[in-house]
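> First, the structure itself, so that you have it in front of you.
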Amino acid sequence: MPERIIELHDANIYQQESLVLSHVTFSIEKGEFVYLVGKTGMGKSSLLRVLYGDLLLSEGTGFVAGYDLKTLTSKNLPYLRRNLGIVFQDFQLLTDRTVEQNLKFVLHATGWKDKSKMTERMEEVLNMVGLKTKGFKMPHELSGGEQQRVVIARALLNHPELILADEPTGNLDPETSEEIFRLLADISTNSQTAVLLASHDYMTLQKFPFRTLKCEKGSVVEGSVMEVV
26 MPERIIELHD ANIYQQESLV LSHVTFSIEK GEFVYLVGKT GMGKSSLLRV LYGDLLLSEG
86 TGFVAGYDLK TLTSKNLPYL RRNLGIVFQD FQLLTDRTVE QNLKFVLHAT GWKDKSKMTE
146 RMEEVLNMVG LKTKGFKMPH ELSGGEQQRV VIARALLNHP ELILADEPTG NLDPETSEEI
206 FRLLADISTN SQTAVLLASH DYMTLQKFPF RTLKCEKGSV VEGSVMEVV
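Below, the structure is given as C-alpha cells:
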C-alpha cells in the first residue's frame, strides 16, 4: 500500500471568516509530484497554509506527514514543519549571511548540534541543487535562479517527506523556471519526496506534465495542465 503524505477529506478551508474552499478531498503519496493550479484568489495559497499549519483546519479531516491538522498545537507544529520543505516565490534568504550561513541557521534552529554532520549535510544539499561551489557567496551575488536553488537546498536540509512550493518561479525568466521545475521533479523522483507545486506558469507546466489539482469555484478538482491554459 503506497504511503500517503497528504490526506484531506471533506476539509473546509477558511481565510479568516471567509470560506475559500469547501469539501476538499485528495491525497498525495510518497514521492509523487503534483501541481496545484487556479486563478489568483481561488485558494491555492490558503490551502498550502493549512498544509503547513499556518491556518487552522477546523472542519473535515486532514493529515500531513502523519500529523493530524485538526489537533496541531504550537508545541507539535515545529515537528510537523521539520518533515516539510517550504519554497516561496520571494526567496526569504537572510541577505547579510552567506549561502552556507543561511543553511546553518536553519540547522541550528531545528536542533542540529554536530558540526561535522551539519557541514556534511550542507554540502549534500548544495550538491543536489548544483551549487556545491557557491556556499561562500552572499545572496546578492547570485542570480534569481541560483537564489531559488538555495531556497530549495534549505528546504531539503531535514530530509523532508514533502516539499510545498508556492509560485517558486514567479520571479524567474522562462529558461530559469524550467530549470527549477526540472530540479524539483528530479528531487521528487530521486529522493522519494512528495512535491506539491502551486503555479500560474502554465507554459512551463505543459513541458513537465504531472498530475494536476485545480482550485476553481470554491472546490479542488482533479484536472490536467491542458485544461487550465
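Residue numbers (my numbering): 26 to 254.
Just so you know, even glycine gets a beta-carbon here, dropped at the ideal spot from N, CA and C.
Remember, it's a predicted structure, so these values are computed and weren't measured experimentally.
1) I think Leu46 touches Leu72, with their Cβ atoms under 8 angstroms apart; what is that distance to the nearest whole Å?
2) Would you identify the three-state DSSP class for Tyr39, choosing helix, strand or coil?
3) Closer than 8 angstroms is the cut-off here; do at least three beta carbon pairs connect the stretch 66-83 with the stretch 213-228?
4) Which of the three DSSP states, helix, strand or coil, is assigned to Phe58?
5) In the DSSP assignment, what residue or residues form a beta bridge with Phe51?
6) Could you pull out every unbroken beta strand (DSSP E) segment of at least 3 residues lying fully inside the stretch 50-120, listed in chain order?
7) Excluding the five sequence neighbours on either side, which residues of its own chain have a C-beta within less than 8 angstroms of the C-beta of Leu119, listed in chain order?
8) Whole-angstrom Cβ separation of Leu151 and Ala178, contact assumed at under 8 angstroms?
9) Thr237 by DSSP, collapsed to three states: which one?
10) Thinking C-beta only, is Val49 closer than 7 angstroms to Val112?
11) Identify, in the order they occur along the chain, each residue of the same chain with its Cβ nearer than 6 angstroms to the Cβ of Thr201, setting aside the five sequence neighbours on each side.
According to the structure shown:
1) 6 angstroms
2) strand
3) yes
4) strand
5) Leu33
6) 58-62, 84-89, 109-112
7) Gln126, Asn127, Phe130, Pro164
8) 5 angstroms
9) strand
10) no
11) Gly170
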